[in-house]
Amino acid sequence: MKIKKLFLLFFLICNLSYAQKSPIKIGIAPHSSTRVILESHQDLRLFLENYFKRPVQILTAKNFSEFTKRSNDGTYYDLILTSPNLAVLAQRLGGYTPLMTYKKGLSTILLSTDSNILNSKNLPLHVIGLDPVSFPTLDAQDWLEKNGFNDEKIKYTYTSATDSSISILLNKNADMIIMSLPNYIKLMTKETKNLVHVIYQSKPKPSRIYLAKNKDGITLEEWKKALSAFSKSSEGKKHLDITKLENFKEIEQKDLNSLDSIVKKTMERLYK
């Protein structure tokens, strides 16, 4: 009986100690609705809770601009998962180090219910992006500009989630929408794919990137080991199955070296 009481006391002390530890804050760029983000990163959260023996919070923001300013501040998140242009800014301004990405590149998709939309005389065309500084939005806008669609021919509006923009397009309240290829694969059903046309698909660019720093009792080296372990774990496999991002790989600086022009435009829009 005494042994049972001691064991129970030990268990309660351990739980209390665990609960008193400050939570690890993981910032995920708002590439989809909050619900989808939380669901698709539960395996990452559970793995890291078990790995560090600390509670883990999955956090996002109402839009990319707000998320990026928090990341660039360098104090809000312990670990960041974000698009390549915003990763460069988090590295330069927030002091984070890029550690890991996905093998599947981040292609931009431009969709319409009208396959001949670029020849439409009903101008300006209404195009919906996620946010002025999201990577797919900047990429698609650059492509449209190079194809003669200036501000007189295009009207841009922005929504907080890709699943919202799909509904807007299918309800004929927009001419085109912009999204990433992973979101197209994950969120578009067979039925909705049959209702739309791919107007533009970019060549693969660097994918979403994990960044960390020495912060809140966890060193950069510990983060490297933790993410490496996650990439080999059953939780990591489940995460890949859900996100359709195929596999993990270590990030290399050369993966980010070709992004100067899009990073410059991101800065102009973010801090104008």
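Position 20 (the sequence shown) corresponds to 29 in the working numbering; numbering is contiguous. Heads up, the beta-carbon is just placed ideally off N, CA and C, and yes, glycines get one too. Given the structure is predicted, the values throughout are model-derived calculations rather than measurements.
Taking the DSSP output, what are the residues bridged to residue i?
i: Ala-96; result: BP columns for Ala-96 are empty, so no partner.
i: Ser-189; result: Thr-117
i: Leu-68; result: Gly-36
i: Tyr-219; result: Leu-90, Met-109
Which word fits residue i, buried or exposed, when buried means at least 16 other C-beta atoms lie within 10 angstroms of its C-beta?
i: Tyr-280; result: exposed
i: Ser-124; result: exposed
i: Gln-100; result: buried
i: Asn-156; result: exposed
i: Lys-222; result: buried
i: Lys-263; result: exposed
i: Arg-44; result: exposed
i: Lys-214; result: buried
i: Leu-57; result: buried
i: Gly-226; result: exposed
i: Val-207; result: exposed
i: Ser-31; result: exposed
i: Asn-94; result: buried
i: Asn-81; result: buried
i: Gln-150; result: buried
i: Ser-216; result: buried
i: Asp-140; result: buried
i: Leu-204; result: exposed
i: Lys-246; result: exposed
i: Asn-59; result: exposed
i: Asn-182; result: exposed
i: Ser-92; result: buried
i: Glu-200; result: exposed
i: Leu-55; result: exposed
i: Ser-243; result: exposed
i: Lys-112; result: exposed
i: Asp-282; result: Look at the range of the chain in this structure, 10 to 281, and you will see that residue 282 is not part of it.
i: Thr-198; result: exposed
Is residue i helix, strand or coil by DSSP?
i: Phe-56; result: helix
i: Val-3; result: Nothing in the structure corresponds to residue 3, since the chain is present only between 10 and 281.
i: Ala-149; result: helix
i: Thr-77; result: helix
i: Ser-202; result: For clarity, residue 202 is Lys in the given sequence; the question names Ser instead. Lys-202 falls in the helix class under three-state DSSP.
i: Lys-224; result: strand
i: Lys-164; result: strand
i: Lys-195; result: helix
i: Lys-62; result: coil
i: Lys-212; result: coil
i: Gly-36; result: strand
i: Lys-13; result: The predicted model places Lys-13 with a pLDDT of 46, which falls under 50 and marks its position as unreliable; any figure quoted below should be read in that light. DSSP places Lys-13 in helix when its eight states are reduced to three.
What residue does the alpha helix (DSSP H) around residue i start on, and which one ends it?
i: Leu-47; result: 43 to 49
i: Ile-175; result: 171 to 179
What residue range is occupied by the uninterrupted beta strand (DSSP E) comprising residue i?
i: Leu-132; result: From DSSP, Leu-132 is part of no beta strand (DSSP E); its letter is neither H nor E.
i: Thr-91; result: 88 to 91
i: Thr-110; result: 106 to 111
Length-filtered (4 minimum) alpha helix (DSSP H) runs lying within the stretch 238 to 275: 243 to 252
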